[in-house]
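Asker: Residue numbers (this note's numbering), protein chains in the order written: chain A, 302 to 595; chain B, -2 to 764; chain C, 8 to 168.
Heads up, the beta-carbon is just placed ideally off N, CA and C, and yes, glycines get one too.
None of the values given here were measured: they were computed from a predicted structure.
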Ligand SMILES: Cc1cc2nc3c(=O)[nH]c(=O)nc-3n(C[C@H](O)[C@H](O)[C@H](O)COP(=O)(O)OP(=O)(O)OC[C@H]3O[C@@H](n4cnc5c(N)ncnc54)[C@H](O)[C@@H]3O)c2cc1C
Ligand code: FES
Ligand code: FES
């Protein structure tokens, strides 16, 4: 039932330490508020009624994009999706992430929504996840005990569930500098051109040989077709160290189709989602390799 | 055009400034002193018996001022057509759909009201429910209304002219198809709401966005069992309407009862979720059409059987079914026609009026089938239509005289502007797995409301202040379509004053003349005619005064551009303001005018009888749509829409284009993406995330063409065109898809998934 | 805290007020400041009717807690009209016939305003992207897009001269 939110105790820590101690003190009962575009909707629409809400946006030093040539890209968890979408460095060097960012919700939503929130909310359709996993991103998780780094691929556990433990905050996303000749593409499939939750999404990121013919490192990540963003491992393997060809593309599509295990819901049937995985994976590979189907 | 100064011009809307600056007060922007917030408890079950309601907890909450159940209401059943009354404001014994009203509270704040509602405990005995109209129509079906109905058939409509069986026999080909349309809803950006206030004299004022304030006034009086004179409706600017604000919504009587108990104003506003849940939708139709044609493409007989998914209660079900039948009889000159419709109850949210009023559903069926016929006969779809359409001067088999028609011109112009010939024969394959096609559909629709009530008249009053300010008192509701501006334009044109001199009052049943409201594209026609008559009377009075001032005969006086002058001597002129002053100060009477639109034929037409005479004048349109289908995904992309529309005479081109562009977008959504989805009667997409209203990024190219036919009955020749824009859209798209792919989709929405599986099935069959 | 005294600068004016933790910025703008030009169309971020400029950027005020807007600057539709004179974008909406029921208009205008503040020469697709989060059920968007592009043109002219 769509309702006014229930009242809650509100905190606005100004340091990470303060945030950790609040998290520990109200063990499990406190919700972290970043952009609020998921959290507040859940509180209004789905009766989520946390006793405590902790706005982390006043903690300095969590909103940044730092790029070091040849090393990595670091994005603070509080960086908004709009900032990512419009960041020159991300558009140039990590365009597949910028692409994904530009497709999330509307500008109003992107101005509030954070990348940390997108990942922590852990929707199977989370817009930025496939691209980031494909880019081999890791996340830095902070707590009173210190920091730990987890590959993003291992971060998601189920719909709305991550490896974050009580008392932990997602602090940073680290994207390694891609090898030369790496190309990526993100395709979001829905019914509208904006304001859409993906019915299926596909990120393909691959490093090609110098001549651009052999696929050396292949990452195929699927969104909205499993409880978490899904790596299509078998599909990836088939392409590994191969020269691209039409029969091979067909095979990759078929394998991705088989690996996807979506549910049926009002947005699409499970079967249609699988079919679209096949189509979109093939399309993405063709686009990366500059092939037009003959 | 040049004969007019204001009429026919794209003048800005008179209410534009207030709207663009955020000043306009919509319902939820109004706060009255002491106002309470009401909330309705709704049924979570599609069908259940109410065994008991415990409101004790709710009553104890601080800030709760009233809690009511059916026991606190007069328990008078209601429907738009009172013979079909079946709906209580609060359910007594039985709930019939998810969202049905069960109890209500009024509290100091919305937050408290919501808490109170959540604390009410209702004991239900869940009953079997029925959702599929084809099942529900069977005699053996579970009954939607346990108490007093013997079957789920809520109403029937039958129209028969000529003998279709004979017609089919004479035909060379007979086509039979079934089409299924979906449940879509208005999605007004402003959710529905009202404020009700019963004062100490027992007089009730209801503030609400309304398309038909006088109708709502009667309905509320009936439900509350009080005299109509005790009810006053003040319509607030509507944030969209499209049919949703025509019939009383149960919030209105519920708020009234809460107010009567508390003696305070009570506001109830839908959340967006409630709006979707209780959205009175466009009625889903299952339409079976049978058409017989000769080899040469002459249609000899056509028969339609319509099953209306009525939902849990009657509302406009019978009226839409009847009206769609009128349109079914109209577009083509067919000697044998039969139309049989059945309204069937189901345990789902019910329908109401929605732009097009049944016509889009039936037109989708008939116009899609006609395209199929053209392809089987190997004829150009435009040619087949032109061969069969009614033309001005024709009398239909149902007895309608086609007084005026732009249909042929609409087809010709749309064909020309869309590049039809070229694109019909051009290549369909435009890229890897991409196919383009172009399709058309036509429609006829009322441009003048109708005589359905047995009367169709209204008045307009004009008063002129002592310095020349003109106030127009008209019943024309402005629901965003711009009737206040249209009425002002008409008055300004007749009496030759500037628009800025005109104020329009149109919102209070204590002031405005009695009228039936904004529906059936009737406001321009009915209210426009009344306004014109009033302005002409005022003009006479003005001229008389001027003739006295100038001491000349009235025939010598002309008025224009805010001035009166002598026809022969333009140097002798005087401003409108001075004339008004002279009249008040010297002659001792202010200027005023009264005008009436009266349709003598209306009283001869009784409800649902005398087909052929229901509608004073029709309007016509033709749309041509170009689509591109991706056969890998099933995606259907609309490239361009060319829409030619008969306007009679275009009152305000920008506003008329706006009506078309807005309607077309609703038509696109209806055709391709929108649908209220239910799971066992429970709405599963009651939000804009999953109910797919198109965004600015989704719109195709559009070209709007107006065909002017100068209607002899309309004000300055104008007809209403508020609705038609979406009527032919789904069929035109379906036909374009067929042209592109050879696949005929007969079910709405034609979404990518449906397209994909239809393509797949075909490809499998080929193998 | 469940209540907090916050300070907001709305349309250039300072306000100090006590808000509850569960009040959204939209609630406060409409109910407490009576700036009802900001509309509630859905309350869940889907329609854009509640768009305001928060620190110059368009956001859905239904998805911002009032409490977190403490110390921030907000522009609502009422703030665009300066001394009775409409903003260029507002004028363009009137001239181009981009308004019907008007319910989406305030949010639309603010989204457009934010676009043109950043980009005086937007392409049609940039305009559509800027208003993609503002649903309109009446106009079909055609005239809205035209209005925004005509406002942009006017702005460019004024800048040149
Ligand atoms: C209209 C609309 C359209 C949308 N469209 C899309 C779309 O197209 N694609 C898409 O993927 N999403 C979409 N979303 C969802 C949402 O906007 C995104 O997921 C967004 O990135 C969430 O970020 P946030 O900062 O607003 O998260 P919040 O709502 O603040 O938080 C989300 C969850 O993560 C937790 N959390 C937040 N930050 C942290 C942190 N640093 N450490 C630990 N936990 C944290 C919160 O406690 C909460 O449970 C849409 C939302 C709306 C309202
Ligand atoms: S009310 Fe905020 S986006 Fe709809
Ligand atoms: S003008 Fe009515 S919603 Fe846009």
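Using a threshold of 6 Å, is the CB atom of residue 141 of chain C nearer than that to any non-hydrogen atom of ligand 1?
Answerer: no
Asker: Quick check: what's the CA-CA separation for residue 67 of chain B versus residue 256 of chain B?
Answerer: Looking at the backbone, the Cα of residue 67 of chain B and that of residue 256 of chain B are separated by about 15 Å.
Asker: What's the gap between the Cα of residue 37 of chain C and the Cα of residue 113 of chain C?
Answerer: 13 Å
Asker: Taking only the alpha-carbon atoms, compute the straight-line gap between residue 353 of chain B and residue 205 of chain B and give it to the nearest angstrom.
Answerer: 23 Å
Asker: Using a 10 Å radius around the Cβ and a threshold of 16 neighbouring Cβ atoms, would you call residue 712 of chain B buried or exposed?
Answerer: Within 10 angstroms of the beta-carbon of residue 712 of chain B lie 16 or more other beta-carbons, which makes it buried.
Asker: For residue 77 of chain C, which residues from the same chain have a beta carbon less than 8 Å from its beta carbon, with the 5 sequence-adjacent residues on both sides left out?
Answerer: 11, 13, 14, 15
Asker: Starting from residue 324 of chain B, trace the alpha helix (DSSP H) both ways and give me its first and last residue.
Answerer: 314 to 325
Asker: Report yes if the C-beta of residue 67 of chain C is less than 6 Å from at least one heavy atom of ligand 2; otherwise report no.
Answerer: For ligand 2, at least one heavy atom lies less than 6 Å from the Cβ of residue 67 of chain C.
Asker: Less than 7 Å between the beta carbons of residue 79 of chain C and residue 62 of chain C, yes or no?
Answerer: yes
Asker: Say whether chain B places a C-beta atom closer than 7 Å to the C-beta of residue 492 of chain A.
Answerer: yes
Asker: In the DSSP assignment, the alpha helix (DSSP H) including residue 737 of chain B goes from what residue to what residue?
Answerer: 726 to 738
Asker: Would you identify the three-state DSSP class for residue 615 of chain B, choosing helix, strand or coil?
Answerer: strand
Asker: So which residues of chain B does residue 121 of chain C contact, with C-beta pairs closer than 7 Å?
Answerer: Simply none; closest approach about 15 Å.
Asker: For the alpha helix (DSSP H) that residue 486 of chain A lies in, which residues bound it at each end?
Answerer: From DSSP, residue 486 of chain A is part of no alpha helix (DSSP H) but of the beta strand (DSSP E) over 483 to 490.
Asker: Name the chain F residues that come within less than 7 Å of residue 88 of chain C, Cβ to Cβ?
Answerer: In the structure shown, chain F cannot be found, because the protein chains are A, B and C.
Asker: According to DSSP, is residue 514 of chain A helix, strand or coil?
Answerer: coil
Asker: Which complete beta strand (DSSP E) runs does the region 439 to 475 of chain B hold, if anything under 3 residues is left out?
Answerer: 455 to 461, 467 to 470
Asker: Would you mind reading off the limits of the alpha helix (DSSP H) that contains residue 673 of chain B?
Answerer: No alpha helix (DSSP H) holds residue 673 of chain B; DSSP gives it neither H nor E.
Asker: Leaving out five residues on either side along the sequence, give the residues of the same chain with a beta carbon under 6 Å from the beta carbon of residue 351 of chain A.
Answerer: 309, 332
Asker: My guess is that residue 137 of chain C and residue 64 of chain C are in contact by the Cβ rule of under 8 Å, so how many angstroms apart are they, rounded?
Answerer: Not quite, the Cβ-Cβ distance comes to about 12 Å (not below 8 Å), so this is no contact.
Asker: Judging by CA-CA distance, which residue of B/548, B/456, B/25, B/70 is the nearest neighbour of residue 101 of chain B?
Answerer: Residue B/70 is the option with its Cα nearest to residue 101 of chain B.
Asker: Got a sec? Which residues, its chain only, sit under 6 Å from residue 300 of chain B by beta carbon, not counting five neighbours each side?
Answerer: Beyond the five residues adjoining it in sequence on each side, residue 300 of chain B comes within less than 6 Å, by CB distance, of 161, 287, 335 in the same chain, given in chain order.
Asker: Just verifying my parser: in three-state terms, what is the DSSP assignment at residue 24 of chain B?
Answerer: helix
Asker: In the DSSP assignment, what residue or residues form a beta bridge with residue 381 of chain A?
Answerer: Paired residue(s): A/415.
Asker: Going by the CB atoms, is the gap between residue 150 of chain B and residue 341 of chain B shorter than 7 Å?
Answerer: yes
Asker: Thinking C-beta only, is residue 453 of chain A closer than 7 Å to residue 475 of chain A?
Answerer: no
Asker: Would you list the one or two residues that DSSP bridges to residue 632 of chain B?
Answerer: Bridge partners of residue 632 of chain B: none, in fact.
Asker: Once DSSP output is grouped into helix, strand and coil, what is the label at residue 590 of chain B?
Answerer: strand
Asker: Excluding the five sequence neighbours on either side, which residues of its own chain have a C-beta within less than 6 Å of the C-beta of residue 367 of chain A, listed in chain order?
Answerer: 375
Asker: Taking one C-beta from the region 490 to 505 of chain B and one from the region 680 to 697 of chain B each time, how about it: are there three or more such pairs within less than 8 Å?
Answerer: no
Asker: Which residue comes first and which comes last in the beta strand (DSSP E) that contains residue 299 of chain B?
Answerer: From DSSP, the beta strand (DSSP E) with residue 299 of chain B extends over 296 to 308.
Asker: Can the beta-carbon of residue 394 of chain B be found less than 7 Å from the beta-carbon of residue 164 of chain B?
Answerer: no
Asker: Using a C-beta cutoff of 7 Å, does residue 156 of chain C count as contacting chain A?
Answerer: no
Asker: Which residue spans inside the region 415 to 503 of chain A form an unbroken beta strand (DSSP E) run of at least 3?
Answerer: 439 to 444, 447 to 452, 457 to 459, 470 to 477, 483 to 490
Asker: Could you tell me whether the Cβ of residue 109 of chain B comes closer than 7 Å to any Cβ of chain A?
Answerer: no
Asker: CB-CB under 7 Å to residue 549 of chain B, same chain, minus the five flanking residues each way: which ones, in chain order?
Answerer: 563
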